[in-house]
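Trainee: Take this structure first; my questions come after.
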Amino acid sequence: MHPRKRNIHKMTTRSCFLFLALAWSFIIIAIAFEKHDNHLAVVHVISALPNNSEPMRIQCTSPRTGTNLGEYTLYVGDDYQWNVTHKSLHYCEAIWERWFASWHAFQPRRDVSHGTVYWLVKHNGFFLSWDNSSWVRKESWQTE
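The sequence shown begins at 2 in the working numbering and counts up by one.
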């Protein structure tokens, strides 16, 4: 092979390798930013119901986005959590023994600046915290 053609071949190979490495880097960075940008908060719903009581059934949705997070059964001590990815209201409905309740688990104006939203579910209601130590009751159980 002529020396000049050999140099052109090496340059083409290097350019191709450099292009692929650069493209791969951009893809990795884009994925990282996408995950970071879409993660507004983490919501925790923690069951602190009395020991030996029936488990609680819970279902959470975001009507604006049409997101239904499914129905879950929480036993005492369970921590159900999900990532909020849109600035929209998320509400939950719960049934425990003969009691039921619904509450706003994530309100953008109230919660987006905190990063983490904790809900402690007890026999006397639903308690909100952003630091997992200071709690304020926001909702009570209802019955027919």
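Ideal Cβ placement from N, Cα and C applies to all residues, glycine included.
#1: From T74 to P109, what distance separates their C-alpha atoms?
#2: Just mark D132 as buried or exposed, buried being the case when its beta carbon has 16 or more other beta carbons within 10 Å.
#3: Determine the DSSP secondary structure at N53, reduced to helix, strand or coil.
#4: How many angstroms separate the CA atom of L121 from the CA atom of Q82?
#5: Taking the alpha carbon of W100 as the point to measure from, which residue in K139, V44, R138, I59 has its own alpha carbon closest?
#6: Indicate the three-state DSSP secondary structure (helix, strand or coil) for D80 in the structure shown.
#7: Applying the criterion that 16 or more other CB atoms from any shown protein chain within 10 Å of the CB defines a buried residue, is D80 buried or exposed?
Mentor: Put simply:
#1: Numbered from 1 along the sequence shown, position 73 holds the residue referred to as residue 74. Numbered from 1 along the sequence shown, position 108 holds the residue referred to as residue 109. Cα to Cα, T74 sits roughly 26 Å from P109.
#2: Taking the first residue of the sequence shown as 1, we reach residue 132 at position 131. Burial call: exposed.
#3: Counted from its first residue, the sequence shown places residue 53 at position 52. The answer is coil: DSSP assigns N53 none of H, G, I, E or B.
#4: Residue mapping note: residue 121 aligns to position 120 of the sequence shown, counting from 1. Residue mapping note: residue 82 aligns to position 81 of the sequence shown, counting from 1. So the two alpha carbons sit approximately 12 Å from each other.
#5: Taking the sequence shown and counting its residues from 1, one reaches residue 100 at position 99. If you compare the alpha carbons of K139, V44, R138, I59 with that of W100, the shortest gap goes to I59.
#6: Indexing the sequence shown from 1 puts residue 80 at position 79. Taken through DSSP and simplified to helix, strand or coil, D80 comes out as strand.
#7: Position 79 of the sequence shown holds residue 80. Exposed.
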